[in-house]
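The structure appears right after this line, and notes come after that.
Chains as they are written, first to last, in this note's numbering: chain A, 41 to 692; chain B, 181 to 639.
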């Protein structure tokens with residue numbers, strides 16, 4: 041193991057992240073100015089290049105806070121910082137090793153059958169002693185509640201308690217890995233491969249520490265570190281071997297990925313990973329929480345986008361429900377619903393995510409020796425990477441995340457934890473209210489002025505903003521008709537249709553292939569957008585471009601309604617470079633109509649490539665007007681809004 | 181993840197006589213030389229659920245189970261045991277510990293479940309749909325392998341009766357109708373309102389209730405409180421929840437009123453908009469469409485709740501130890517087809533022989549067998565597809581086929597055992613022949629006797 045790993049350490053690309061991700065129990069020796077430095081640098085540097093010099097072809101890679109800061113932080117610290125793993129290791133090795141007798145745990149599950157109670161070995165007796173002492177009435181009081189009349193409430197007897205809570209103690213002892221799993225508690229990495237990976241990481245850190253120590257102190261330091269290395273190396277092998285004869289099955293089961301916070305935050309994937317880069321994809325897969333099986337036949341041009349086998353990811357994620365310690369339940373639920381497609385629509389996804397973040401912040405308490413804003417950012421990063429695995433982030437969500445992170449980074453260090461949390465919660469609330477809800481109201485106010493009596497309004501798909509406009513115009517008593525254009529496979533327009541009809545608005549429902557006919561009657565086209573990019577390109581549900589183009593050809597004004605928080609400084613000229621691929625089966629199969637599902641048998645044909653795009657880009661030429669919370673603007677003015685909007689986000 | 185787990189480890193089931201007794205409650209019956217309860221506990225442990233409440237029926241069995249858990253799981257699980265009087269039923273058992281339930285959702289698992297389906301999947305489905313109850317169903321196991329013709333007779337008598345009629349929606353996510361057990365022969369009544377709301381319903385009889393439920397705590401407590409007559413989760417609570425899912429006036433008063441109240445109190449226009457935005461964005465199930473009413477806006481708000489199902493895939497193993505037939509089936513499967521559950525490593529001959537076991541000369545132990553610690557076998561024995569417990573003494577020329585032999589059993593020379601279950605401390609004298617028998621603990625089978633299809637127990 042060691043000789044193989046050793047050369048990697050030198051060239052390990054993760055080294056560049058050293059500056060930002062300090063080890064969990066870093067001591068006070070961590071340079072102070074690193075703390076004071078970071079909050080200001082990342083968000084600011086985030087903005088400047090795009091705002092100032094924006095060439096039309098430049099597609100600036102979206103910035104990630106972690107990436108940036110790691111780049112921004114000078115590499116001068118390592119010697120200082122790298123000392124800390126060493127300290128940690130030497131500290132751990134002090135923990136009394138003799139407190140566990142490995143033989144006790146030889147076969148706890150098989151060994152303790154009831155018949156053997158009389159003839160049990162000294163080991164179990166000791167443990168039953170522990171259990172006996174733990175046999176107390178539970179802290180819940182037995183009486184005094186309002187009780188159901190019939191059955192007397194029962195006292196709970198605690199018969200078994202988990203007493204060893206120190207993480208990683210068992211590892212050193214090298215006993216059976218089943219017990220390993222429990223002993224580790226919060227830091228748990230129960231599975232075989234992961235254990236060894238963690239060990240490898242520990243080894244690597246120790247080696248690095250050794251090097252640093254050698255540099256700093258000369259030979260004395262390296263001697264200590266080497267002994268640490270030897271120890272960890274031995275420890276890592278022992279559980280693996282024991283595990284093998286313990287249970288094949290169990291190891292399979294526990295093979296589910298569980299990555300600790302520390303691992304995850306180091307590996308936050310780049311939001312726009314190029315999925316045709318096989319080596320990076322492999323890496324990403326290794327750390328992914330959601331198992332991702334990629335579809336075999338992908339369309340040539342879209343190889344850089346992730347596309348996964350549909351129907352395999354959800355059950356797999358569901359299985360891990362209780363095992364994902366690093367993800368807050370609220371975040372998990374949101375991710376699950378993204379993955380299952382229960383929530384869609386930019387605003388709703390963004391709000392759901394922010395609310396989940398709020399919940400997780402509410403229950404958050406920063407560990408000792410850690411600054412809240414750093415640890416919370418790391419936590420948030422792990423949540424975000426989890427959400428990305430569930431479904432690629434929309435641009436609106438990306439902006440919201442950026443906002444939350446900047447808020448966390450800008451929290452004054454003097455605030456107490458509870459103050460900081462309430463501060464954050466109210467900030468997020470404010471974001472939801474001001475940037476989404478109020479923005480929608482302002483958009484409605486503006487847009488309603490564009491609806492006149494006798495109008496025929498066309499909309500595509502189901503946009504929350506457009507729906508509110510139509511409902512509001514109807515409430516004002518305007519007489520108009522609505523044409524809802526819809527398209528397979530999502531058929532989102534049907535829900536909108538149902539709701540509009542419920543309000544008594546007269547509607548026409550038509551599919552996208554009939555749009556050229558109906559456009560002749562239409563006087564205005566209202567469209568929603570997932571994002572508006574700096575060159576005025578509207579990035580929206582696939583099909584929008586088609587509608588806008590037809591409208592443009594027929595001379596019908598196209599009005600795009602989009603909240604300003606969805607604007608992005610990126611420039612995009614086509615729908616290829618950034619997009620999302622949906623489930624290709626959704627196109628091939630028609631639900632509920634078995635008789636026309638004869639394409640099923642050729643779905644795996646090698647010459648067949650199915651493309652289910654989710655978004656497309658509408659060139660600004662086809663857009664007459666964009667209505668935002670800052671007013672009605674032509675698409676050419678988007679960069680101004682982006683600049684102004686970002687400025688106030690940073691400055692507040 | 182804010183889930184609390186309740187394991188219902190029932191007392192001594194009548195169906196399992198004579199195998200169960202005061203000393204051996206149902207949940208401690210050995211499956212591949214491990215109490216059946218350990219399978220559930222380990223399944224939960226694998227899912228990282230370490231804080232459990234085990235409810236035991238009957239005061240006397242309580243102590244046994246407590247002792248066993250405290251020995252086997254100290255330092256591994258945090259287990260609390262509550263004893264309830266016998267015959268209160270599953271609902272009664274939950275009622276007894278209702279005030280100990282605090283988490284927002286409760287996972288209720290039957291203690292006799294042997295399966296490899298992650299409870300997390302059920303919990304996730306539950307959370308995703310915000311359901312009131314989520315039940316896990318699995319396909320009915322094929323009882324007995326084809327070659328064991330000996331047990332075929334039993335199959336025929338047991339099989340009818342364990343049919344469940346389950347109605348699902350087309351996406352197989354929601355539970356629309358459930359009727360358990362004997363009512364198969366009668367007509368089944370399906371509510372019109374549910375049918376018209378769903379459109380299509382799939383009625384299936386090939387599903388088995390795995391007795392793994394996720395409940396919303398507030399709802400469960402309310403139902404248990406209001407319906408004091410409810411005794412069984414499966415036969416009373418679940419059908420009640422399913423029946424009332426489109427008109428849950430009584431039900432969600434507690435839970436929903438709270439939420440609604442909050443929304444109304446707030447009065448803030450923003451909040452209403454917010455919730456509407458979220459509601460509009462999510463793909464509605466038939467429940468929500470029904471609540472909206474035919475035109476999208478119902479005159480009065482209709483209250484609904486969702487009952488979900490989680491269908492385990494066919495490749496997963498799932499069985500309940502609720503009959504003698506099931507007992508021998510599970511024992512056979514755990515060392516055979518579903519060997520990954522047993523947690524033992526199988527030898528190259530596909531069997532498990534404890535290193536301390538002693539085999540005589542010319543004794544063969546076939547594949548899919550298990551031989552417990554300290555057991556001794558004489559010469560020229562043959563063991564096929566059987567489980568033999570700890571410290572058994574088996575003489576020479578003994579044939580054991582398709583059987584389960586528990587611990588400390590003494591078997592004389594020349595015995596032949598086929599398709600039988602032999603409890604602990606049984607003594608078989610020479611040349612006894614047993615076929616399809618169940619023998620209770622401590623029984624002595626006299627020399628040369630022959631039994632077929634009988635159940636013997638000490639008087």
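For every residue, glycine included, the Cβ atom is placed at its ideal position computed from N, Cα and C.
- Counting the other CB atoms within 10 Å of its CB gives residue 452/A a total below 16, which places it among the exposed residues.
- Beta-carbon to beta-carbon, residue 669/A and residue 580/A are separated by about 18 Å, too far to satisfy the 8 Å threshold.
- Judged by beta-carbon spacing, residue 556/B lies beyond the 8 Å limit of residue 531/B, meaning their Cβ atoms are not closer than that value.
- Within chain B, the C-beta atoms nearer than 7 Å to that of residue 355/A come from 301, in chain order.
- In the DSSP assignment, residue 656/A falls within the beta strand (DSSP E) that extends over 655-658.
- Taking a Cβ-Cβ cut-off of 7 Å, the neighbours of residue 358/A in chain B comprise 300, 301, 304 and 305, given in sequence order.
- In the three-state scheme derived from DSSP, where H, G and I count as helix and E and B as strand, residue 487/B is classed as strand.
- CA-CA distance, residue 406/B to residue 315/B, rounds to 21 Å.
- Taking 8 Å as the cut-off, the beta carbon of residue 496/A is found closer than this to the beta carbon of residue 561/A.
- Here residue 277/B really is in contact with residue 235/B; their C-beta atoms are around 6 Å apart, less than 8 Å.
- Think of a sphere of 7 Å around the beta carbon of residue 380/A: the chain B residues whose beta carbon falls inside it are 308, in chain order.
- In the displayed model, residue 407/B falls within coil according to three-state DSSP, outside both helix and strand.
- DSSP places residue 309/B in the uninterrupted alpha helix (DSSP H) bounded by 299-309.
- Distance check between residue 390/B and each of 306/B, 227/B, 203/B and 344/B places 344/B closest, using alpha-carbon atoms only.
- Look at residue 381/B here: in three-state DSSP terms it is coil, with no helix or strand label.
- Our two residues, residue 346/B and residue 371/B, have alpha carbons roughly 13 Å apart in a direct line.
- Straight through space, the alpha carbons of residue 577/B and residue 212/B are spaced by roughly 24 Å.
- DSSP places residue 565/B in no beta strand (DSSP E); its state is neither H nor E.
- Following the DSSP letters along the chain, one finds residue 481/A inside the alpha helix (DSSP H) bounded by residues 479-488.
- A straight line joining the alpha-carbon of residue 565/B with that of residue 589/B spans about 18 Å.
- A straight line joining the alpha-carbon of residue 592/B with that of residue 196/B spans about 26 Å.
- For residue 571/B against residue 554/B, the beta-carbon gap comes to about 4 Å, under 8 Å, which counts as contact.
- At least 8 Å separates the beta-carbon of residue 413/B from that of residue 301/B.
- Proximity of residue 369/A to chain B, defined by a Cβ-Cβ separation below 8 Å, is satisfied.
- Uninterrupted beta strand (DSSP E) stretches at least 3 residues long and entirely within the stretch 366-402 of chain A do not occur.
- CA-CA distance, residue 660/A to residue 483/A, rounds to 19 Å.
- By the 16-neighbour rule on beta-carbons within 10 angstroms, residue 189/B is buried.
- Residue burial annotation: residue 652/A is buried, with at least 16 other C-beta atoms found within 10 angstroms of its C-beta.
- Under the three-state reduction of DSSP, residue 667/A is assigned to strand.
- Looking at 346/A, 564/A and 382/A, the one whose alpha-carbon comes closest to that of residue 309/B is 382/A.
- With fewer than 16 other CB atoms across the displayed protein chains lying within 10 angstroms of its CB, residue 632/B is exposed.
- Taking a C-beta cut-off of 8 Å against chain B, none of the residues of the stretch 413-442 of chain A qualify.
- The count of Cβ pairs closer than 8 Å, one atom from the stretch 565-582 of chain A and one from the stretch 407-420 of chain A, stays below three, leaving the stretches out of contact.
- Taking the C-beta atoms as reference points, residue 600/A is found no nearer than 8 Å to residue 558/A.
- Where residue 282/B is concerned, there is no enclosing alpha helix (DSSP H), because DSSP gives it neither an H nor an E.
- Excluding five sequence positions before and after residue 608/A, the CB atoms of its chain that fall closer than 6 Å to its own CB belong to 435, 571 and 573, given in chain order.
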